[in-house]
Amino acid sequence: MNHRQQSVVPMLDMESLKVIAPLGRGAKGVVFHVQDQLSGEFWALKVIWRDVVERKNKEISGGNEYKRICLEQQLLCHFDHPLLPRLHGVLSTDKIVAYAIDYCSGPDLHRLRRQQTEKMFCIDIIRFYAAELVLALEYLHKLGIAYRDLKPENVMIQDNGHLMLVDFDLSTKLAPKNSQSSPFPKSIPKHKSPHHNRRFSPLHRCCKKGIRQDESSDQPETDTTEKSNSFVGTEEYVAPEIIQGQGHDFAVDWWSLGVVLYEMLYGATPFKGSNRKETFYRILTKEPDLVGEATPVRDLIRKLLVKDPKQRIRLEGVKGHEFFRGINWDMVLQVSRPPYIPTVESGNINEGIETTNKIDIELFVQGIFAISKEDGENENRNNVEEEKKKNDDGVNHDENKDQETWVKGLRNHHNFHVF
Numbered sequence: 001m002n003h004r005q006q007s008v009v010p011m012l013d014m015e016s017l018k019v020i021a022p023l024g025r026g027a028k029g030v031v032f033h034v035q036d037q038l039s040g041e042f043w044a045l046k047v048i049w050r051d052v053v054e055r056k057n058k059e060i061s062g063g064n065e066y067k068r069i070c071l072e073q074q075l076l077c078h079f080d081h082p083l084l085p086r087l088h089g090v091l092s093t094d095k096i097v098a099y100a101i102d103y104c105s106g107p108d109l110h111r112l113r114r115q116q117t118e119k120m121f122c123i124d125i126i127r128f129y130a131a132e133l134v135l136a137l138e139y140l141h142k143l144g145i146a147y148r149d150l151k152p153e154n155v156m157i158q159d160n161g162h163l164m165l166v167d168f169d170l171s172t173k174l175a176p177k178n179s180q181s182s183p184f185p186k187s188i189p190k191h192k193s194p195h196h197n198r199r200f201s202p203l204h205r206c207c208k209k210g211i212r213q214d215e216s217s218d219q220p221e222t223d224t225t226e227k228s229n230s231f232v233g234t235e236e237y238v239a240p241e242i243i244q245g246q247g248h249d250f251a252v253d254w255w256s257l258g259v260v261l262y263e264m265l266y267g268a269t270p271f272k273g274s275n276r277k278e279t280f281y282r283i284l285t286k287e288p289d290l291v292g293e294a295t296p297v298r299d300l301i302r303k304l305l306v307k308d309p310k311q312r313i314r315l316e317g318v319k320g321h322e323f324f325r326g327i328n329w330d331m332v333l334q335v336s337r338p339p340y341i342p343t344v345e346s347g348n349i350n351e352g353i354e355t356t357n358k359i360d361i362e363l364f365v366q367g368i369f370a371i372s373k374e375d376g377e378n379e380n381r382n383n384v385e386e387e388k389k390k391n392d393d394g395v396n397h398d399e400n401k402d403q404e405t406w407v408k409g410l411r412n413h414h415n416f417h418v419f
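So in full-length UniProt numbering, spot 156 of the sequence shown is number 156, and the numbers just go up one at a time.
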């Protein structure tokens, strides 16, 4: 839609934002649940601490952290898809850079899976979420965007139960070979939200089963004239070609999709080792252990986890795979009753809950990263070489996905997590 491309992103006023609660922290900042008191809208405010960015730029040769921030904001500004966030405004001071996107009241896909009795999803629910992830990747790739950080922690559940991809600071733009215009084409419309019950086989079965609310042809979709050589991603989900450093393209996202599907099916990732070195070795040399009888979902995972990106199944092969047989792709986003609908009673984080004391955003973020810096200095003294490797390769390390960050002033925020 053209208006999204030409619209001017508004500058936010710190005084007009009411902080509901902190949601979690990443490598460079903190995400808050906020309300814009002018419009009454609820947003997720991603706040980046400038000192951390400056420090990363100094630590990493050729550091380009500000370029990543700018690119993420640029991408968010152009998104016009129901499975991707919209950019509502930006905020900048001498201490922080921040931007507001859509707030999702549900948990991320990792936490939702962990709440299930067997800590895994049934086949019909996997099919529904997989179909939405395919549509999101299709949209991004048509825009010339390689996501490069697909993992369950970056897949949120929206209020309506549909998915939303978040966190694009590792994404990059790759120009399609046959693209002669803007990498953000006008021909990709935003799907309308449904106002009536629309179901389609076979995805409608997962809507009946519900989900625990408590606890083909492998032709590539497009050739590209460029590849990225950046070493980015989260180690358990990173593709072999990224580890090898020989350049990569959109195929890395299809590899990550295979890892995510495996995790939804088995409750664990396929290549995790006892440390990063072993994990990378397994990714490069081991085949996924697809325990069980031959089924369409296992066949799809196997084809997604082919180590040679030229032989790996991509968009057309994925959408035409037997696992998705009978699906009307035009109707996926019209399902009005996805398997999980967030509700306050089922434990949505911070929904309807306000902090007792007013939070100063800058002081809050400063306090967290002051403690993080002190912890990092202690870790450096214990293991200088290992820390240097982490700084150099740019990989996110998820040694313990469920680890909570306990810092001063956060004792009452039990849902504050590292992501």
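Glycine residues also receive a C-beta, built at the ideal position from the N, C-alpha and C atoms.
Taking the alpha-carbon of residue 252 as reference, which of 237, 18 and 265 has the nearest alpha-carbon? The residue given as residue 252 occupies position 252 in the sequence shown. Ranking the options by Cα distance to residue 252, first place goes to 237.
By alpha-carbon positions, which one of 64, 99 and 269 ends up nearest to residue 76? Position 76 of the sequence shown, counting from 1, holds the residue named residue 76. Closest by alpha carbon: 99.
Alpha carbon of residue 51 to alpha carbon of residue 339, nearest angstrom: Here the question's residue 51 lines up with position 51 in the sequence shown. Here the question's residue 339 lines up with position 339 in the sequence shown. Taking the straight line from one Cα to the other gives about 42 Å.
Compare the Cα-Cα distances from residue 308 to each of 15, 241 and 38 and report the closest residue. For the purposes of this step, residue 308 is identified with residue 308 of the sequence shown, where counting begins at 1. When only C-alpha atoms are compared, the closest one is 241.
Please report how far the alpha carbon of residue 167 lies from the alpha carbon of residue 326, in whole angstroms. If you number the sequence shown from 1, residue 167 lands on position 167. If you number the sequence shown from 1, residue 326 lands on position 326. One C-alpha to the other measures close to 32 Å.
Please report how far the alpha carbon of residue 297 lies from the alpha carbon of residue 8, in whole angstroms. Residue numbering aside, residue 297 sits at position 297 when the sequence shown is read from its first letter. Residue numbering aside, residue 8 sits at position 8 when the sequence shown is read from its first letter. Rounded to whole angstroms, residue 297 to residue 8 spans 43 Å at the Cα level.
In whole angstroms, give me the CA-to-CA distance for residue 11 and residue 18. As a position in the sequence shown, residue 11 is number 11, starting the count at 1. As a position in the sequence shown, residue 18 is number 18, starting the count at 1. So the two alpha carbons sit approximately 16 Å from each other.
Where residue 25 sits in the DSSP three-state scheme: In the sequence shown, the residue the question calls residue 25 occupies position 25. In this structure, residue 25 counts as strand in the three-state DSSP scheme.
Alpha helix (DSSP H) segment containing residue 163, residue limits: Within the sequence shown, residue 163 is the residue found at index 163, counting from 1. Element bounds for residue 163: not the alpha helix (DSSP H) but the beta strand (DSSP E), 163-165.
Per-residue DSSP class, three states only, for residue 264: Reading the sequence shown from its first residue, position 264 is the one you call residue 264. Three-state DSSP puts residue 264 in a helix.
Just the Cα atoms here: how many angstroms apart are residue 300 and residue 312? Your numbering for residue 300 matches position 300 in the sequence shown. Your numbering for residue 312 matches position 312 in the sequence shown. About 10 Å.
Within its chain, find whatever has a CB closer than 8 Å to the CB of residue 279; leave out the 5 residues flanking it on each side and keep chain order. On the sequence shown, residue 279 is found 279 positions in, with the first residue counted as 1. 235, 236, 271, 272 and 273.
Could you check whether the stretch 86-103 touches the stretch 27-44, counting it as contact only if at least three pairs of C-beta atoms, one from each stretch, sit closer than 8 Å? Three or more beta-carbon pairs drawn from the stretch 86-103 and the stretch 27-44 are found closer than 8 Å, and the two stretches are therefore classed as touching.
Measure the Cβ-Cβ separation of residue 31 and residue 23 and say whether it is below 7 Å. Residue 31 sits at position 31 when you count from the first residue of the sequence shown. Residue 23 sits at position 23 when you count from the first residue of the sequence shown. A contact, by the Cβ cut-off of 7 Å.
Where does the unbroken alpha helix (DSSP H) through residue 151 begin, and where does it stop? Here residue 151 is taken as the residue at index 151 of the sequence shown, counted from 1. No alpha helix (DSSP H) contains residue 151, which DSSP labels as neither H nor E.
Can you look up residue 279 in the DSSP assignment and give me helix, strand or coil? Working through the sequence shown from its first residue, we reach residue 279 at position 279. Residue 279 falls in the helix class under three-state DSSP.
Just to confirm the assignment, what range does the alpha helix (DSSP H) spanning residue 81 have? Position 81 of the sequence shown holds residue 81. First-last for residue 81: undefined, no H or E at that position.
Quick check on the burial criterion: 16 or more other C-beta atoms within 10 angstroms. Buried or exposed for residue 269? What you label residue 269 is simply residue 269 of the sequence shown in a count that begins at 1. So residue 269 counts as buried.
Tell me which residue opens and which closes the alpha helix (DSSP H) that residue 128 is part of. Mapped onto the sequence shown, residue 128 falls at position 128. That run of the alpha helix (DSSP H) goes 123-142.
What is the DSSP secondary structure of residue 168, counted as helix, strand or coil? Translated into positions along the sequence shown, residue 168 becomes position 168. Reduced to three states, the DSSP call for residue 168 is coil.
Determine the DSSP secondary structure at residue 33, reduced to helix, strand or coil. Position 33 of the sequence shown, counted from the first residue, corresponds to residue 33. DSSP places residue 33 in strand when its eight states are reduced to three.
How would you label residue 104, buried or exposed, when you count the other beta carbons within 10 angstroms and need 16 or more for buried? Indexing the sequence shown from 1 puts residue 104 at position 104. Here residue 104 is buried. Its C-beta has 16 or more other C-beta atoms within 10 Å.
Residues in the same chain with beta-carbon distance under 7 Å from residue 384, minus the five sequence neighbours each way, listed in chain order, please. Start at 1 with the first residue of the sequence shown, and residue 384 comes out as number 384. At residue 384 the pLDDT is 40, less than 50, meaning the model places this residue with poor confidence; the figure from the coordinates comes in the next sentence. Taken in chain order, the list of residues that qualify is empty.
Nearest-angstrom Cα distance between residue 21 and residue 93? Sequence index remark: in the sequence shown, residue 21 carries index 21 (1-based). Sequence index remark: in the sequence shown, residue 93 carries index 93 (1-based). In a straight line, the C-alpha of residue 21 is about 21 Å away from that of residue 93.
Which two residues bound the contiguous alpha helix (DSSP H) that contains residue 299? As a first step, residue 299 must be located in the sequence shown, where it is residue number 299. For residue 299, the enclosing alpha helix (DSSP H) covers residues 296-304.
In this structure, what does DSSP give as the bridge partners for residue 99? Taking the sequence shown and counting its residues from 1, one reaches residue 99 at position 99. As DSSP reads the structure, residue 99 sits in a beta bridge with 46 and 90.
Burial state of residue 246 (16 or more Cβ within 10 Å): If you number the sequence shown from 1, residue 246 lands on position 246. So residue 246 ends up on the exposed side.
Buried versus exposed call for residue 172 [16 or more other C-beta atoms within 10 Å across all chains shown]: For the purposes of this step, residue 172 is identified with residue 172 of the sequence shown, where counting begins at 1. It is buried - the Cβ of residue 172 has at least 16 other Cβ atoms within 10 Å.
Hey, out of 16, 13, 45 and 15, whose CA is closest to residue 365's CA? Taking the first residue of the sequence shown as 1, we reach residue 365 at position 365. Nearest of 16, 13, 45 and 15 to residue 365, Cα basis: 45.
Answer with buried or exposed for residue 329, where buried requires no fewer than 16 other C-beta atoms within 10 angstroms of its C-beta. In the sequence shown, residue 329 corresponds to position 329, counting from 1. Burial call: exposed.
Using the DSSP secondary-structure output, state which residues sit across from residue 19 in a beta bridge. The sequence position of residue 19 within the sequence shown is 19, counting from 1. Answer by DSSP bridge pairing, in chain order: 34.
One or two residues paired with residue 11 in a DSSP bridge: Walking along the sequence shown from the start, residue 11 turns up at place 11. Here residue 11 is bridged, per DSSP, to 90.
Backbone CA spacing between residue 112 and residue 142 [nearest angstrom]: Mapped onto the sequence shown, residue 112 falls at position 112. Mapped onto the sequence shown, residue 142 falls at position 142. Our two residues, residue 112 and residue 142, have alpha carbons roughly 29 Å apart in a direct line.
Looking only at its chain, what residues have a beta carbon closer than 8 Å to the beta carbon of residue 484, apart from the 5 residues adjacent to it on each side? Given that the chain is displayed from residue 1 to residue 419, the structure contains no residue 484 and the question cannot be resolved.
Would you check if the distance between the CB atom of residue 136 and the CB atom of residue 174 is smaller than 7 Å? Working through the sequence shown from its first residue, we reach residue 136 at position 136. Working through the sequence shown from its first residue, we reach residue 174 at position 174. No, Cβ-Cβ distance for residue 136 and residue 174 is not below 7 Å.
Cα-Cα separation between residue 14 and residue 305, rounded to whole angstroms: Your numbering for residue 14 matches position 14 in the sequence shown. Your numbering for residue 305 matches position 305 in the sequence shown. Distance from the CA of residue 14 to the CA of residue 305, rounded to the nearest whole angstrom, comes to 45 Å.
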